[in-house]
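First up is the structure itself, then whatever we jot down about it.
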Amino acid sequence: MTKTRRPLSLRQRESLLGYLYILPWVVGFIVLTIGPMIASLYFSFTDYNIISPPVWNNFANYRKIFDGLPQFIASGDTTVLGDPLFWQSIKVTVKFAALSLPLGLVFSFFIAVLLNQKIRGVNIWRTIYFLPSVLAGVAVTLLWVRIFNPRVGILNPFLENVLGIEGPGWFTDPNWAVPGLVIMGLWSAGGSMIIYLAGLQGVPTDLYDAAKVDGAGVVQRFLHVTLPQMTPVIFYNLVLGMIGSFQYFTEAYVASGGSGGPARATLFYNLYLYQNAFKFFEMGYASTMAWILFIVILILTALVFRSSELWVFYEGELKGR
Amino acid sequence: MTRKEHSNKLKDLLWGIKAQEWAIKSLATFVLAAGAVVILIPLIYMITTSFKDVSQLRSDPLSIFPRKPLFAEVNGKSEPLYKVTVDGTVSEMALIKNQPGGLGLFVDPAAPETVYTLVLEDQVALYRPDWHPENYPEAVGAIPFWRYLINTLTVTFYGMTGMLISCTLVAYGFSRFRARWLNVLFLVLLSTLMLPSQVRLIPIYVMFQKLGWIDTLLPLIVPQFFANAYDVFMLRQFFMTIPLEMDDAARMDGANSLQVLLHIIIPQARPAILAISIFHFLYAWNDFYEPMIFLHNRNNWTLAVGLQSFDALYAINTHQIMAISLIMVIPPILIFFLSQRVFTQGVVFKGIK
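Listed in order, the protein sequences are those of chains U and R.
Residue numbers in the first sequence follow the numbering used here, run continuously in steps of one, and reach 602 at the last position.
Residue numbers in the second sequence follow the numbering used here, run continuously in steps of one, and reach 534 at the last position.
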């Protein structure tokens, strides 16, 4: 008698099917995520110009980045750094994050609170405020480059004629290029506004009613009900915003024509990484930058998560978020 | 305190809160209206600038709307027209000469014998609207526009198809089956949400180069067939809300798991599928980073890359660049208006890609 294979039990069939359905992701994860990550870690220790095979160079790429850092901190002299441009890109990125995160948070939170009021025509206002969020990218950046342009733009004439201020050169002025990008980002802040608005709508109304019964006015209700209830959403947007700053690319590339100018004032981290990889073909060094970026994001996320215990209010399972 | 006093006090308190609310609402409307103007002006500037000609771009004073100064023939010469005030009467006159001290010599084109010396600043220059729709065919003709459009649409729709098929299958696997490693694998999937794409980009580029895929649209399409953490997560969350009883009923009728997915889950999950499709469209349509990296030959570019390089070469042609930019923002705006509920009704599906 030939041995017949035992039929699979129901349980086994179910597991097998489950694995089968997630197969596209598993394959993608191995081929497009884990595999490339390991390769990129390897490249980060090599000299690799893509034409000839990678050559192991120990920690040379990492040393290039961190060389002279203590001396620089002591003297403030950028020429002692192994790669001053790397640190310039960090400076630009941090400057952008430090300006755009708090401003973006206050601005979109504030607008979301207004859009959450029961006022007439609120849907029209919502539509207008959300509209720019679908228009990210090259076209919008080119538009803002024009608006900021001192010769063809409308911003500086407005500043001069209405407020009596002489506008700066914006994207031609190293001091004003990053603030220009921040303003542009505020215009399209609709994305985080949607998330805040959804959060605001999730605040249980009985909490407001209870506060009203206790005689709490608008301001008190905002401070003691809305704000604590919204901390998880604020936290979520903050984490995304931080990661976003380190991945900021298109706007900086388009506004500077890919150079990161003027005077490297818009040389964002991700732009410099791109230049290393695809302009200078320093694939090894670019991989090093990618891994440092990955580690920085991990550390920042961990720090924010750690600090979140202090200020983020979670309501247990009640909300089922 | 009697009961009446007490209730009066409560009334006052409630009235105070009501008044406060009314004040807040009025203020909110005012602030929102002011902000809406700020939001819309850049878009209006984009539209009007795309209809200007080169001389209007840098006109002084700058006008938002395309216009040209009006001229009149005076003694065989063309002179700019002004609305002038002479002794309290307003008439149209031509400026024939500037004089020192901010003065100008004006004449009535009908009777050029009499010359008036007037303070230039007090007179109003006259303009006529001057729109240039020919900017659009010119701009479209200046770049391989249709090619870029076809490339962009190819990437968008094949990519969307791949994303929808793969993410639906994977989300179904993660939401409807019990297996030992599924939960662990789902956590692994979630952990890739925060993974910066740069950390895998270079080896992927090398891989695609070895496959001969650089300068084709494949690197932008094929990876979509392997699901992504964000859309899988969104779909799975939605699938979890569909009652299991519906699956069971279908199974009783002899449906297999694929039939359950096709006939029960997918029809129920239409809003979620629509939402991720919209966000995928916006992402693929606007994406600049990946097309930039994988497409080198100018004939293979997408609109985003083509527009950027058009600007890099002919930044001076602001009107044409605004025309192409406007064409590029129209599809997202249309989709936005057609599917507003997805955006405004608190469906928290915002692309983090």
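C-beta atoms are modelled at their ideal positions from N, C-alpha and C, and glycine is treated no differently.
* Rounded C-alpha distance that separates U:F347 from U:D358 -> 14 Å
* Asked: Listing by chain order, which chain R residues have their CB less than 8 Å from the CB of U:E295?
  -> F358, R359, A360
* What is the rounded straight-line gap between the Cα of U:L423 and the Cα of R:S506? -> For U:L423 and R:S506, the gap between their C-alpha atoms comes out near 8 Å.
* Keeping to the same chain, check which residues put their C-beta closer than 6 Å to that of U:L554; ignore five residues upstream and five downstream. => A567, M570
* Which residue or residues does DSSP assign as beta-bridge partners of R:K258? -> Paired residues: R:V255.
* Asked: Comparing alpha-carbon positions, which option in R:P472, R:F252, R:T229 lies nearest R:Y308?
  -> R:F252
* Asked: By the criterion of Cβ-Cβ separation under 7 Å, what are the contact partners of R:N467 in chain U?
  -> A417, G418
* Asked: Would R:I446 be called buried (16 or more neighbouring beta carbons within 10 Å of its own) or exposed?
  -> buried
* Asked: At what residues does the alpha helix (DSSP H) containing U:P351 begin and finish?
  -> 350-356
* Asked: Looking only at C-alpha atoms, which of U:G472, U:P317, U:L322 sits nearest to U:T408?
  -> U:G472
* Cβ neighbours of R:E254 in the same chain (closer than 7 Å, five flanking residues each side left out) -> P290
* Option in U:L508, U:L488, U:Y529 with minimal Cα separation from U:V463 -> U:Y529
* Asked: So what's R:L276 in DSSP terms, helix, strand or just coil?
  -> strand
* Would you mind giving the Cβ-Cβ distance between U:A479 and U:F388, rounded to the nearest angstrom? I have them listed as a contact below 8 Å. => Not confirmed; about 17 Å, so no contact.
* To do: In angstroms with no decimal places, state the Cα-to-Cα distance between R:L284 and R:A320.
  => 42 Å
* Asked: Does DSSP put R:Y297 in a helix, in a strand, or in coil?
  -> Strand, per DSSP.
* Asked: If you scan the region 278-344 of chain R from start to end, which runs of the beta strand (DSSP E) of 3 or more residues do you find wholly inside it?
  -> Within the region 278-344 of chain R, the complete beta strand (DSSP E) segments of 3 residues or longer fall at 284-289, 292-300, 308-310, listed in chain order.
* Asked: What residues of chain U sit near R:G216, judged by a beta carbon separation below 9 Å?
  -> I392, L395, W406, I409, Y410
* Should R:M421 be labelled buried (16 or more other beta-carbon atoms within 10 Å of its own) or exposed? -> Burial call: exposed.
* According to DSSP, residues forming a beta bridge with R:Y263 -> In the DSSP assignment, R:Y263 forms a beta bridge with R:M274, R:A306.
* **R:I220 at chain U interface by Cβ criterion, 7 Å** => yes
* Would you identify the three-state DSSP class for R:W362, choosing helix, strand or coil? => coil
* Asked: In this structure, what does DSSP give as the bridge partners for R:K249?
  -> Answer is R:R309.
* To do: Confirm the yes/no value for this check: CB of U:G385, any heavy atom of the ligand ATP, distance under 6 Å.
  => In terms of ligand content, the structure shown is empty, and the ligand ATP therefore cannot be addressed.
* Per DSSP, which residues does U:T327 bridge with? Please list them. => DSSP, once it has assigned bridges, lists U:W337 as partnering U:T327.
* **Buried versus exposed, by CB contacts within 10 Å (16 or more), R:K233** => Classification of R:K233: buried, given that the 10 Å Cβ count is 16 or more.
* Residues, ordered as in the chain, of the region 478-490 of chain R that lie near chain U by beta-carbon distance below 7 Å -> A485, L488, Q489
* Asked: Apart from the five residues on each side of it in sequence, which residues of its chain come closer than 6 Å, Cβ to Cβ, to R:R537?
  -> The requested residue 537 of chain R does not occur in the structure, where chain R is confined to residues 182 to 534.
* To do: State the start and end residues of the unbroken alpha helix (DSSP H) segment that holds R:E202.
  => 184-230
* Which residues mark the beginning and the end of the alpha helix (DSSP H) in which R:D429 is found? -> 425-433
* Which residues mark the beginning and the end of the alpha helix (DSSP H) in which R:Q390 is found? -> 379-391
* **8 Å CB neighbourhood of U:A544 in its chain, flanking five on each side removed** => P455
* Report yes or no: is there a C-beta of chain R within less than 7 Å of the C-beta of U:F516? => Not an interface residue.
* To do: List the whole-angstrom C-beta distance separating R:A209 from U:L395, where the pair is believed to meet the contact cut-off of C-beta under 8 Å.
  => 4 Å
* Check U:I332 in the structure and name its three-state DSSP category. => coil
* For U:L508, which of helix, strand or coil comes out of DSSP? -> helix
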